[in-house]
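In full-length UniProt numbering, the protein residues as written are 1 to 217. For every residue, glycine included, the Cβ atom is placed at its ideal position computed from N, Cα and C. Read through the structure below, which is laid out as structure tokens, and then see the notes.
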């Protein structure tokens, strides 16, 4: 059964748990990003940091108000950044810098300072520098191929299948508006649902939208 993507809460200080860079998933994250990137032994830093999507690990749970689970797949900076920004929403922008820095491992902080980032840098400058040092690879072409070939797996519920299509379409087509993405998911769902009789029924009597298709499948 396919696992739905989990949104693992992360937070700051005593408010909740946070995942840091330099985790046990580092090697796997580097291998998935590019076969040419190697981890430098004894330093925890990749030999070539550009193009590598840094993974995270969990901070000790003392004082946590939320239950945090070990993060295994969230290896891209944009996703982690959105989670951090969620918890920084009530903190003035000019006060966010120390919070962001406290969430980075010592190794990543060393990379930032080695890149001549000023100690007085703003939160925006820190994010821009992290984007520069750890750019997310553009894998839209591969994601589109995966999306168009994605069928409902054996034992996968129709709702889980639809959720996976939503994740894939966001990766494959990040620019179109939500209505366009929803239509793509709807069309792929009709063609990829596992039950043959259901697919035939959808061809003869197309459902009105994705929600209707999920109910009828």
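- The beta-carbon separation of residue 133 and residue 111, rounded to 6 Å, stays under the 8 Å limit for a contact.
- The straight-line gap separating the alpha-carbon atoms of residue 125 and residue 162 is approximately 37 Å.
- Nearest Cα to residue 151 within the set 86, 195, 208: 195.
- DSSP, read as helix, strand or coil, puts residue 214 in helix.
- Taking a 10 Å sphere around the C-beta of residue 96, we find 16 or more other C-beta atoms and assign the residue as buried.
- By the neighbour-count criterion, in which a residue is buried when 16 or more other Cβ atoms sit within 10 angstroms of its Cβ, residue 102 is exposed.
- Remark: fewer than three beta-carbon pairs, one from each stretch, lie closer than 8 Å, so the region 189–207 and the region 166–174 are not flagged as touching.
- The alpha carbon of residue 144 has as its nearest neighbour, out of 87, 99, 88, 185, the alpha carbon of 185.
- In the assembly as shown, residue 217 is a buried residue. Its beta-carbon has 16 or more other beta-carbons within 10 Å.
- The alpha-carbon separation between residue 214 and residue 136 amounts to approximately 33 Å.
- By the CB criterion at 7 Å, residue 168 and residue 147 fall inside the cutoff.
- Residue 188 sits away from residue 210, with the two beta carbons spaced by 7 Å or more.
- Residue 121 is positioned such that its CB atom lies no closer than 7 Å to that of residue 100.
- Under the DSSP assignment, residue 185 falls in the alpha helix (DSSP H) whose first and last residues are 178–192.
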